[in-house]
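Protein chains in written order, with our numbering: chain A, 18 to 315; chain B, 930 to 1245; chain C, 6 to 407.
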Amino acid sequence: MLSSLHLALPPAPLFFAQLLVGLINGAFYAMLSLGLAVIFGLLNIINFTHGAQYMLGAFGAWFLLTLFGIGYWPALIIAPLAVGLIGIAIERVFLRRIAGLDHLYGLLLTFGLALAIEGVFRQEYGSSGLPYSIPAELQGTVSLGFMFLPIYRAWVILASAAVCGATWFIIERTRLGATLRAATENPALVQAFGINVPRLVTLTYGGGAALAALAGVLAAPIYQVSPLMGSSIITVVFAVVVIGGMGSILGAIVSGFALGLIEGLTKVFYPEASSTIIFVIMALVLLVKPAGLFGRAG
Amino acid sequence: MARDRAAWAWGVGLFVLALVAPFLFYPVFLMKALCLSLFACAFNLLVGYVGLLSFGHAAFFGSAAYITAYTVKAWGFPPELGILAGVAVAAAMGAVTGWLAIRRQGIYFAMITLAFAQMVAFFALQAPFTGGEDGIQGVPRGHLFGLIDLNPTLTMYYFVLAMFLIGFAIIVRAIDSPFGQVLKAIRENEPRAVSLGYRAEHYKLLAFILSAALAGMAGSVKALVFQFAALSDVDWTMSGQVVLMTLIGGLGTILGPVAGAFIIATMETYLGETGSWVTIIEGVIFVVCVLTFRRGIVGVVAPYLTGSRQRSGCHV
Amino acid sequence: MRKGLAIFAGVAAALLLSAGAEAQIKKDIKIGVLADMSSLYADLGGPGSVVAAKMAVDDFGGTLDGHKIDVVSADHQNKPDIGASYARKWFDQDGVDMITDLTTSSVALAVQEVAREKNKVLMITGAASSDLTGKHCAPTSIHYAYDTTALANGTGAAVVKAGGKTWFFITADYAFGHALQNDTAAVVEANGGKVLGFVNVPLNTADFSSYLLQAQASKAQIIGLANAGGDTINSIKQAAEFGIVKGGQKLAGLLLFVSDVHSLGLQTAQGLQLTESFYWDQDDQTRAWAKKFFAKTNKEPTMVQAGVYSAVTNYLNAVKAANTLDGPAVIKQLKSKPINDFMIRNGHLQDDGSLVHDMYLYEVKKPSESKGPWDLYKLVATIPGAEAFKRPHGNECPAVKG
């Protein structure tokens, strides 16, 4: 266990290769924390079901392929849409009822939903992964000199960066985003302007769920489609969101990628600690700046 | 008062039931339920009476289990010393975690406790003495005070019952004391309590340490019952389970967590063979409880049984 | 009142009254299949093992001395505390007499402690760790189908002798992985090879990329996969993604089952060498039995599942011959003569609990060599039991220590 702690600097190729792998993990953290941050920032809901929605996205891709023969590229659009609809249903049926209450009720409710959804899938499909192959167009590796980089993983980094960028742009720079942000701060006033705030809330939750599902489809070829994939990543994603600042979109994106890199770095020196380093950082951030690195105070 | 007499009658009845239970039900199941009950009661002290939701309580439960398992197996401690060791370590951890976590409120508090629990889980996985994925197995039950052999199931059951009652009594005493009153005051309106001169931080920290120590006691006893300390004892899903048990039974009621723990233990023991149904049912119960039964089963049923409109006083 | 006690009393009374033969089997016989039913090892044992056990009971006749034989099963989820809980409840409450399958070494070790306490028979066909018959050996527990010593002496020795001198291990971080790594390292070093390093990986990991990168950086000739089931499948698939084999290193799947190879496909798995104690297409006897299994499950059997059938059959025969369900007596009966059936050839039960029998070294066929979806192996060598189960560092089990 402690025997694999490397105190000397490892060879440069391994160093960069691990960082690259860390960046790939970071891409998923960023996408998932983005969805969480959007939901929390705009709706004040702590969405524990996010992990299950990520898992549903991956399963969606798997169903589409196995049952209907629909491949990866259409799945990238269909699965998130489907999960988004499920998210809308969840908001309408469950979340609306606890709207005015303390945050923690939302946490517990979504935790319960996550357990139930994961349980159903585990009952049907067991807890080890179902295979989903990399789409033909993205197969193969590219030699970078210091490592062979699978093309699919490079695609994941690019795709998630694009999605994160687009989401940030929509929320921070467009009129729609401005309306959303205003509705968070003062729903009554925005409603008075004739904007249907409850519908906005529902659509936003659905959007966050769709983002999680998109991450799930991207993950399917790498991480195997498994009912446990949500619960194994959700605590890390929470930590990322807390570090970035619970309502901050930019914070989630930056922290996601950064923490992926840090995790990769840890794998070079002390592999076993890599799963915990994020929590150590989270605890430190909470003690020093609880609003998070990019969070607004209060 | 009628209410007190009714409560007393229920208490005596339950005690008699506890004494004869091992002849009616599978004793190992009962012992598991009692350990979980103590764990849930300890957790309830913090969430129901102080208003702090910890998402990492399994860290105290599991660490104590590991400490007791190791001291008894590798160092030959007798069971009572093993349990003391476990409780002491859990209390110490509670002091450190509490001191750091109390500075924050609500969701941030929960997140800090979760972070610490994850770190403890990591330590449990890596440290050589915990046996990693294999856990610490074959923990001898030993002789209590050098005299009473704890290996026979019936003897062990009564010992576990005694430990539960001791822990339970401590909690009841704490709640009904001036200390408990101050805690409730802090939960209802902290600024006001502070303005009256109470140092809220100290009270919260003490409650946290007490809760951690008792959770540790539950873990230590469990290690001796099953002669096993495993990673699932420190896993965050165990933390989630104790939240569930308390929620089902009733936050802020005395017996609520016991009821919740028994329900969960029953499900796990008798439904466990049907696969993931336990998880599904737990999830559904969570959802239902949050939406409707926020006072939990005991919170709703108790007024009818004791013939009064008892304030369950739960408030997250 | 415990149900078992009531049945015991009733049947004993009936027997006394009937003044019939002096049978000492006084209750219905229950066999427990404790396996991973839903996770990464479910395909190599799992529900298939339950089918095999029931087949064995049916083929035995379903009853013994007028008592029914039942099969119960449960999912231990690869957690030793859950496995031990089931074992305890089964032995204490539910009248189970023998537990089999027990895939996952940490679970098998935990259950073995319970069986030791209660003197009940275990017939372990799934778990691999040689510690089960080494430092943790138990008098009523039989390690039936294979163990890490045999894997090391089979695959490990073959790979080293073929020129793979430097090794890096990717190891599942629990009892099984460590045992397999240790036993294989001993064989590698005994044959002039060297272990350059290793990395511990949590059980049921989906993404092996960072571990494979470490293995790549070590520049070892051989990357030894000290894992099994889903973990091995993922390691091999992802190794292909990262160009490990292209870069000149070779993978050694230290524990591979026919279910894994079927899942990977011949394109990916061709050329891999592996050691097993049973292959469905080996000879007429194995084919005949496998046909019956396939009819029920639509899959060919693994050595774990064939092992369960063989173990249950031999157990029931031993109970009948010894005329008792008492653990130590049944074990004594099983030791009294060699075991030879469709699966176990030249089997001798040792005092440490290991069933020494013939093992086989196979190589995965090339796609062009295969005539059907399950035509996957070609036989390279038969390893006689004494050679396969020989431990280079001796055995710590008190029952056999000098």
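Where a beta carbon is used, it is the ideal one built from N, C-alpha and C, also for glycine.
Keep in mind that this is a model prediction, so the values were computed, not measured.
Check the Cβ of residue i against every Cβ in chain C and list those closer than 7 Å, keeping chain order.
i       : result
A34(A)  : L218
I239(A) : D212
What residue range is occupied by the uninterrupted beta strand (DSSP E) comprising residue i?
i       : result
E374(C) : Note, E374(C): premise wrong, no beta strand (DSSP E); not H, not E.
V193(C) : No beta strand (DSSP E) contains V193(C), which is instead part of the alpha helix (DSSP H) from A180 to A195.
Y955(B) : Where Y955(B) is concerned, there is no enclosing beta strand (DSSP E), given that its DSSP letter is neither H nor E.
A257(C) : K255 to G258
S146(C) : S146 to H148
Taking the CB atoms as reference points, tell me whether residue i and residue j lie closer together than 8 Å.
i        : j        : result
T189(C)  : A157(C)  : yes
E280(A)  : I260(A)  : no
D236(C)  : A150(C)  : no
S983(B)  : A1019(B) : no
G86(A)   : A227(A)  : no
V165(C)  : V193(C)  : yes
N61(A)   : H120(A)  : yes
G1096(B) : C970(B)  : yes
I129(C)  : H141(C)  : no
F65(A)   : I251(A)  : yes
G268(A)  : L235(A)  : no
S966(B)  : A1141(B) : no
P28(A)   : S150(A)  : no
A180(C)  : L230(C)  : no
Starting from residue i, follow its DSSP beta bridges and name the residues at the other end.
i        : result
W172(C)  : V200(C) and I227(C)
P167(A)  : T158(A)
I1077(B) : L1073(B)
D265(C)  : DSSP output for D265(C) lists no bridge partner at all.
M103(C)  : I36(C) and V126(C)
T68(C)   : K73(C)
Q1066(B) : F1157(B)
By alpha-carbon positions, which one of the options ends up nearest to residue i?
i        : options                                   : result
V101(C)  : N124(C), A386(C), H72(C) and K35(C)       : K35(C)
W294(C)  : G139(C), A222(C), L354(C) and F347(C)     : F347(C)
L1073(B) : L1054(B), L1112(B) and Y1087(B)           : Y1087(B)
H67(A)   : V159(A), V207(A), S144(A) and Y222(A)     : Y222(A)
K1133(B) : A1114(B), R1070(B) and V1187(B)           : A1114(B)
A233(C)  : L218(C), P207(C) and H81(C)               : P207(C)
E189(A)  : P30(A), S265(A) and G247(A)               : S265(A)
V302(A)  : L943(B), Y978(B) and F1038(B)             : F1038(B)
P97(A)   : L217(A), L49(A), S291(A) and F165(A)      : L49(A)
G154(C)  : K406(C), S54(C), I388(C) and H81(C)       : Contrary to the premise, residue 154(C) reads as Thr rather than Gly in this sequence. Nearest of K406(C), S54(C), I388(C) and H81(C) to T154(C), Cα basis: I388(C).
F968(B)  : Y978(B), A987(B) and V957(B)              : A987(B)
Y169(A)  : G312(A), Y71(A), A44(A) and L112(A)       : A44(A)
I1209(B) : E135(A), A200(A), A69(A) and G194(A)      : E135(A)
A1144(B) : A1188(B), A1122(B), Y1127(B) and M1022(B) : M1022(B)
Which bits of chain C does residue i rub up against, with CB to CB less than 8 Å?
i        : result
Y955(B)  : K94, D97 and Q98
G277(A)  : The premise fails here: G277(A) is roughly 11 Å from chain C at the closest Cβ pair, so nothing lies under 8 Å.
Q1047(B) : Result: empty, since nearest Cβ-Cβ is about 14 Å, beyond 8 Å.
The alpha helix (DSSP H) that contains residue i, what's its start and end?
i        : result
L1043(B) : G1035 to Q1055
S111(C)  : S110 to K123
A369(C)  : A small fix is needed here, since residue 369(C) is Val in this sequence, not Ala. Per DSSP, V369(C) belongs to no alpha helix (DSSP H); it is in the beta strand (DSSP E), M364 to V369.
S315(C)  : M308 to A327
E2(C)    : Because chain C in this structure spans residues 6 to 407, residue 2(C) falls outside the shown range and cannot be described.
A229(A)  : V214 to Y240
So residue i contacts chain A; which residues on that side make the cut at Cβ distance below 9 Å?
i       : result
A408(C) : Only positions 6 to 407 of chain C appear in the structure, and residue 408(C) is not among them; the question remains open.
Residues of chain B with CB closer than 9 Å to the CB of residue i, please, in chain order.
i       : result
L121(A) : L982, G1035, I1036, A1039 and V1245
M246(A) : Near M246(A) there are no residues of chain B at all, since even the closest Cβ is about 15 Å away, more than 9 Å.
Quick one: which chain A residues come within Cβ less than 8 Å of residue i?
i       : result
A222(C) : P27, P28, P30, L31 and A34
Run down chain A in chain order and give the residues with a C-beta less than 7 Å from the C-beta of residue i.
i       : result
G408(C) : Nothing can be reported for residue 408(C): it is not among the residues displayed for chain C, which extend from 6 to 407.
Strictly below 9 Å CB to CB, what residues from chain C border residue i?
i        : result
S1161(B) : K84, D86 and I87
M72(A)   : Simply none; closest approach about 12 Å.
F186(A)  : Ordered by position in chain C, no residue passes the 9 Å Cβ test against F186(A), which lies about 30 Å from the chain.
By the criterion of Cβ-Cβ separation under 8 Å, what are the contact partners of residue i in chain B?
i       : result
A300(A) : L1029, I1041, A1044, F1045 and M1048
Identify the contact partners of residue i in chain F, using a Cβ-Cβ distance below 9 Å as the criterion.
i       : result
L282(A) : Looking for chain F here will not work: the only protein chains present are A, B and C.
Name the chain B residues whose beta carbon is nearer than 7 Å to that of residue i?
i       : result
R170(A) : Within chain B, no residue comes near R170(A); the closest Cβ sits about 26 Å away, beyond 7 Å.
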